[in-house]
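Protein sequences, first through last, are from chains E and V.
Residue numbering for the first sequence follows the numbering used here, starting at 1 and increasing by one per position.
Residue numbering for the second sequence follows the numbering used here, starting at 1001 and increasing by one per position.
C-beta atoms are modelled at their ideal positions from N, C-alpha and C, and glycine is treated no differently.
The structure appears right after this line, and notes come after that.
Number of protein chains: 2
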Amino acid sequence: MSPTTLAEHDRVGYASALEQARRGAAEGGVPIGSSLFEHGKLLGSGYNRRVQDGDPTAHGEIDALRNAGRRASYATTTLYSTLAPCALCSGAVIQFGIPRVVVGEDASFPGELELLRSRGVEVVVLDDPEATELMARFIAEEPTLWNEDIGVEET
Amino acid sequence: MSPTTLAEHDRVGYASALEQARRGAAEGGVPIGSSLFEHGKLLGSGYNRRVQDGDPTAHGEIDALRNAGRRASYATTTLYSTLAPCALCSGAVIQFGIPRVVVGEDASFPGELELLRSRGVEVVVLDDPEATELMARFIAEEPTLWNEDIGVEET
Chain E
1 MSPTTLAEHD
11 RVGYASALEQ
21 ARRGAAEGGV
31 PIGSSLFEHG
41 KLLGSGYNRR
51 VQDGDPTAHG
61 EIDALRNAGR
71 RASYATTTLY
81 STLAPCALCS
91 GAVIQFGIPR
101 VVVGEDASFP
111 GELELLRSRG
121 VEVVVLDDPE
131 ATELMARFIA
141 EEPTLWNEDI
151 GVEET
Chain V
1001 MSPTTLAEHD
1011 RVGYASALEQ
1021 ARRGAAEGGV
1031 PIGSSLFEHG
1041 KLLGSGYNRR
1051 VQDGDPTAHG
1061 EIDALRNAGR
1071 RASYATTTLY
1081 STLAPCALCS
1091 GAVIQFGIPR
1101 VVVGEDASFP
1111 GELELLRSRG
1121 VEVVVLDDPE
1131 ATELMARFIA
1141 EEPTLWNEDI
1151 GVEET
């Protein structure tokens, strides 16, 4: 699937996540953005803040979920993310019971999409060239920072 | 294993996590604490801050990892937690490459110990009566808050 063939509510949701990623990039951070929506309404959005806040847990999806605040249920929400969610963020999706995740791309990083699917989460991958380009530029310019973010030790 | 038969460095590490859980309980929060240690040195500790900060992602382990700050490697760390880590916190352990987790108890909540083990993480469960008692009291007094924290919808 590509961003251009999305239904309107998914187009809006994903555009919000991409805007967050661009904001992170503009601040010199890891350019991954995320937004939580329910029935077309934005509940919270955010982006990776490892550099900006020195917080290794502030991945884009975690920042979005934090900004959305406390909820008794996530059963009718969709989480949009520009990149395939890592184990931390996939764990959040599973723990919170988010039933659907729309992902910009999984070429730069495979994430834990199979873990999500094995727990019954619907995963849609968009193969979005804009998200891929944001990541490709960042990984080329900041390989050490990227390895830190994905937990890969440099030797 | 029980807390009384632990090696000294684990005794110190686990005592730190338990102290954090007690602090959370004293503030009226979800009484789960966690500490990250390396070679007997405290790197960061924290406790569940859902109530105090209105932050659903601030589980005890996440708060400890946040407070420990950025690191290039977790390869020689141990994470102590009073309760079996949920999917979110187990995801963090997997993503960050933390090789060892010492857990107070898994009777109040099973967590994702099998997922951790399947990814090569060493998991030690202490069956600590103090941690179990803290949780039992909290779950009896605040069932709705507990269900919110573990992503269980009340009907």
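Candidates the options, of which the one nearest residue i by Cα
i                : options                               : result
H59 of chain E   : E:G91, E:H39 and E:Y74                : E:G91
F37 of chain E   : E:I139, E:I94, E:C89 and E:T76        : E:T76
G1120 of chain V : V:L1065, V:V1101 and V:L1088          : V:V1101
A26 of chain E   : E:T144, E:H9, E:V12 and E:F138        : E:F138
E19 of chain E   : E:E142, E:N147, E:L115 and E:A64      : E:A64
D1149 of chain V : V:L1088, V:P1129 and V:P1099          : V:L1088
H1009 of chain V : V:G1040, V:V1103, V:N1147 and V:C1086 : V:G1040
P129 of chain E  : E:G13, E:L43 and E:V103               : E:V103
Y1074 of chain V : V:R1011, V:I1062 and V:V1093          : V:V1093
G1024 of chain V : V:C1086, V:P1099 and V:E1061          : V:E1061
P1099 of chain V : V:T1078, V:C1086 and V:A1015          : V:T1078
G13 of chain E   : E:A107, E:L42 and E:P143              : E:L42
L1115 of chain V : V:A1107, V:C1086 and V:A1007          : V:C1086
Residue i vs residue j beta-carbon contact at 7 Å
i                : j                : result
L1134 of chain V : A1021 of chain V : yes
G151 of chain E  : Q1095 of chain V : yes
A1017 of chain V : S1035 of chain V : yes
V124 of chain E  : R117 of chain E  : no
A131 of chain E  : E105 of chain E  : yes
N147 of chain E  : E141 of chain E  : no
Reduced DSSP secondary structure (H/G/I, E/B, other) of residue i
i                : result
L134 of chain E  : helix
L65 of chain E   : helix
G1060 of chain V : helix
S81 of chain E   : strand
F1109 of chain V : coil
L43 of chain E   : strand
E38 of chain E   : strand
G1024 of chain V : helix
G1054 of chain V : coil
G1033 of chain V : strand
T155 of chain E  : coil
L1006 of chain V : coil
D1149 of chain V : helix
E1142 of chain V : coil
R232 of chain E  : The structure shown does not extend to residue 232 of chain E, since chain E spans only 1 to 155, so no value can be given for it.
R11 of chain E   : helix
C1089 of chain V : helix
R49 of chain E   : coil
Those residues which DSSP pairs with residue i across a bridge
i               : result
R100 of chain E : E:T78 and E:E122
beta-carbon residue i near the ligand GDP non-hydrogen atom, thresh 6 Å
i              : result
G13 of chain E : Looking at this structure, you won't find the ligand GDP or any other ligand, since it has none at all.
Practice item. Please confirm if the segment 46-60 of chain E is in contact with the segment 1067-1087 of chain V, defined as three or more CB-CB distances below 8 Å between the two stretches. Key: Put simply, the segment 46-60 of chain E touches the segment 1067-1087 of chain V. At least three CB pairs are less than 8 Å apart.
Practice item. Count the CB pairs spanning the segment 107-123 of chain E and the segment 39-53 of chain E that are closer than 8 Å, and state whether there are at least three. Key: Segments in contact, no.
Check your understanding: How about the segment 21-33 of chain E and the segment 79-86 of chain E: do they share at least three Cβ pairs that are nearer than 8 Å?
Key -> Judged by Cβ distances under 8 Å, the segment 21-33 of chain E makes contact with the segment 79-86 of chain E, as three or more pairs qualify.
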